[in-house]
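Residue numbers (my numbering): 1 to 179.
Ideal Cβ placement from N, Cα and C applies to all residues, glycine included.
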Amino acid sequence: CQSDNYIYIYFNGGCHTLTKIIMFKHPIMTNPVTTTPAPTVSTKRHYRGKMNRETWLQFAVQQLTEKIFEPVGLKVPEVNVSVSLMSGGLKGGVNEIFMNPLYFSKENSSRTLDVLAHEMIHAIDDNKHGHGKVFRDMAIKIGLTGKMTATTATDELKVKLDAIVDYIGEFPHDLMVWD
């Protein structure tokens, strides 16, 4: 289940084509992201030190949980999130979300968040219903639109995502070029 042109989601021993990121059930990170609500957003940048990609993604999960999912009554389970080209096997445990470095960069930080939100819906559902009605209902509830296999943020959601980027900073990664 791997190709240069497609990204896949791995779950329950199967493979599912997906846009832009990879997610599978396998505990890998040593510092799992908690879904404890982040502090109240202020106009000041939350994190002032040098942030790596995984730290940014952990802050992003916390902010998406607090600002996008919880206000509409959706409970995000524990997820681990990292930047990686897919490799590895399948094991039970925590949902793993892998952002493909070939698709995301600081220039599209809000898009990175809207795709991360899409994948967090799969984590909420524990990958049981693909992109069917259960997924669609949650996606619409948080402000995702379009074909459910390739959602994008509504204008209203984009404003919220831009505010999160203002709060945590741009995704600290330049687009990788594959030669």
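Residue i vs residue j beta-carbon contact at 7 Å
i: Thr154; j: His118; result: no
i: Val81; j: Ile68; result: no
i: Asp174; j: Ser110; result: no
i: Leu102; j: Met176; result: yes
Beta-bridge partners of residue i, as assigned by DSSP
i: Ala139; result: Answer is none; Ala139 lacks a bridge partner.
i: Ala153; result: Leu144
Residues of its chain near residue i, where Cβ-Cβ distance is below 8 Å and the 5 sequence neighbours each way are ignored
i: Leu64; result: Val76, Leu113, Leu116, Ala117, Met120, Ile164
i: Lys146; result: The identity of residue 146 in the sequence shown is Gly, whereas the question assumes Lys. Excluding residues within five positions, the ones whose Cβ falls inside 8 Å are Thr152.
i: Ala123; result: Met23, Val76, Pro77, Val79, Asn95, Ile97
i: Lys160; result: Lys67, Ile68, Gly143
For residue j and residue i, believed in contact at Cβ under 8 Å, the rounded distance
i: Val134; j: Asp125; result: 6 Å
i: Phe104; j: Phe171; result: 6 Å
i: Glu107; j: Val83; result: Incorrect: roughly 15 Å between the Cβ atoms, too far for contact.
Spatial neighbours of residue i in its chain, beta-carbon cut-off 6 Å, leaving aside the 5 residues before and after
i: Leu85; result: none
i: His129; result: Phe135
i: Val41; result: Low local confidence applies: a pLDDT of 38 at Val41 is under 50, so the model's placement there is unreliable, and no value is given.
Cut-off 7 Å between Cβ atoms - residues of its own chain near residue i, not counting five sequence neighbours on either side
i: Asp166; result: none
i: Lys158; result: Ser110
i: Glu156; result: Gly143
Q: Determine contact between the stretch 135-145 and the stretch 66-74, defined as no fewer than three beta-carbon pairs at a distance below 8 Å.
A: yes
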